[in-house]
Each structure stands twice: as structure tokens, then as C-alpha cells.
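Numbering (this note's numbering), first residue to last: 200 to 474. We put the beta carbon where it would ideally sit given N, CA and C, even for glycine. Data block below; observations after.
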């Protein structure tokens, strides 16, 4: 839930709509291509999110704790990659991705639903008891998100700003381990946020005016630094160690690298004339 204060635009296809034309005119006609390519990226991830959430919620409803735990982190990857878009729908974001402390009554709040409510049951209780309604609602919300994304226009300034916002959120609120506090699958989320941020940067980098070679090289280097740090924690099966195994010292190193990257990416919107 949270954490990007973005308004959303709905109900129009990207190309050929008045909204798209207005967005293109306000920046550059060249932005149509990266926005279109980014929508393809988001669509692929939301489709995969639907598939994997269905497998995850099926395991929950069958009472298969082990399988549900195994699927939790990898399923969330597809949501975390597209957070700049997913969080535009604040009602769904609150339903799917809010945390215990976003609710006055904590885990007992009737509106504490979504991934983290199920996470609480699986790890804090080591049980699927009572989780079927939450699993059904999560599946419904994911399908709703898919439908809404398919019919929305992607505002270029919000997309480009999302590259920095993803990294800022990691540094500000995720490094502490507060998000996946029961499962400690935070490193899956971090990598997904980095991947989503890098995708935006890669798509819009060709549109930067001449004279930004040093800036591009610096951002690329900083992405490499963050990825090198995260690679240290990969497991042989392609997953990640639990975040509780990452020392406080190592968390500070990761935080510093992410902050540096976020600062660089915060300049991207201005360099593209979208501020």
C-alpha cells in the first residue's frame, strides 16, 4: 500500500486517444514508443501475477502450507515489478498489499486483507485455517487489477517518476524488513523493485538529450552495484535467503547503494522534460 501519490487515468487505450495525444505533446512524440513498450512489460507481469496468484491461493485453500509458503515470494515479484502502476489504484493496493500496522486493529482488522494477511497466517500461525476468504478476495482483486490496467492510459511523467520512487520506497520503508515481516521474503521484493526500476530506465534512456552519457554511465554503474549486492543472497534454486539472515551492517550497505541509485534516478524526469 502507500506510497506514491499519483492520480490515475482510466478508460482509454494508449495509442490514438486524446489523452495519449495530450501526454505525447506535453513531452515528446518519441515517448509513445517507450510508454507502449512499458505497457507491454506491465501487461506481461500482471498476466503472470494472475497465473501465480491462482496457484498460490489454490494451495492456501487446499491447506497446503508448505506449497503456499514456497509460492509466496515468487508470486509477489510480479506485483512488485509494476508497483508504479499498481499503486495508482489505491483501493486495490490497500486491499492487496497493506501491512498490519496500516490498520488500527492490526491483524484483527476486518479490512486487513491481501498478501500480508495470508502471510501472517502461513508463518505466524503456520496454518491456513480461516484463510480461504482472504485467498478468494486476493484472487478477485488481482483479476480486477488486470482488468483496470488493460484499459488505462499510462501518463509518461508518472511512469518515469516511478523508476526513482521504487528505489526510494525500498530505502525508506523496506530495508528495515517491515514489509514481509513474517516470511522474511523481502529480498524477492527488493530484486523485483530493482528490475521494475531498471526496465523504466532502459526504455526511456534513448530519449535523453545529448550530453547525458556520464549520467547514463553513473546510473548503470549504480544499478550494477545494487544487483551485485543482491546476488550475494541468491540460493541455488534461484530464490533468496530469508532477510533475517542479512546482518544490520549488510543492510546499511544495501541501503546506501539504493539511496545513491534513487538520487540519480530522481533526475530522470527533469532530464526528459517531464517535471
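For this session: Could you name the residues of the same chain whose beta carbon sits closer than 6 Å to that of residue 390, not counting the 5 residues immediately before and after it, in chain order?
Result: By the criterion of a C-beta distance shorter than 6 Å, residue 390 is surrounded in its chain by 429, once the five residues flanking it on both sides are discounted.
Problem set entry | Per DSSP, cross-strand counterpart(s) of residue 439 | 433
For this session: Taking only heavy atoms of the ligand MN into account, decide whether any of them is closer than 6 Å to the Cβ of residue 372.
Result: Annotation note on the ligand MN: not contained in the displayed structure, which lists no ligands.
For this session: Thinking residue 343 and residue 291 are a contact (beta carbons under 8 Å), I'd like their distance in whole angstroms, please.
Result: 6 Å
Exercise. Beta carbon of residue 280, beta carbon of residue 246: below 7 Å?
Worked result: no
For this session: Please report how far the alpha carbon of residue 438 lies from the alpha carbon of residue 234, in whole angstroms.
Result: 30 Å
Exercise. If you draw a straight line from the C-alpha of residue 468 to the C-alpha of residue 474, how long is it?
Worked result: 6 Å
Problem set entry | Distance CB(residue 340)-CB(residue 295) smaller than 7 Å | yes
Exercise. Is the segment 364-382 touching the segment 454-471, taking contact as three or more C-beta pairs under 8 Å?
Worked result: yes
For this session: State yes or no: is the C-beta of residue 470 within less than 7 Å of the C-beta of residue 407?
Result: Yes. Within cutoff.
Exercise. What residues in its chain sit with their C-beta under 7 Å from that of residue 463, if we drop five residues either side in the sequence?
Worked result: 417, 418, 421
Exercise. Ordered along the chain, which non-local residues of its own chain (more than five positions away) have a Cβ less than 7 Å from that of residue 255?
Worked result: 267, 270, 271, 274
Exercise. Whole-angstrom Cβ separation of residue 317 and residue 333, contact assumed at under 8 Å?
Worked result: 5 Å
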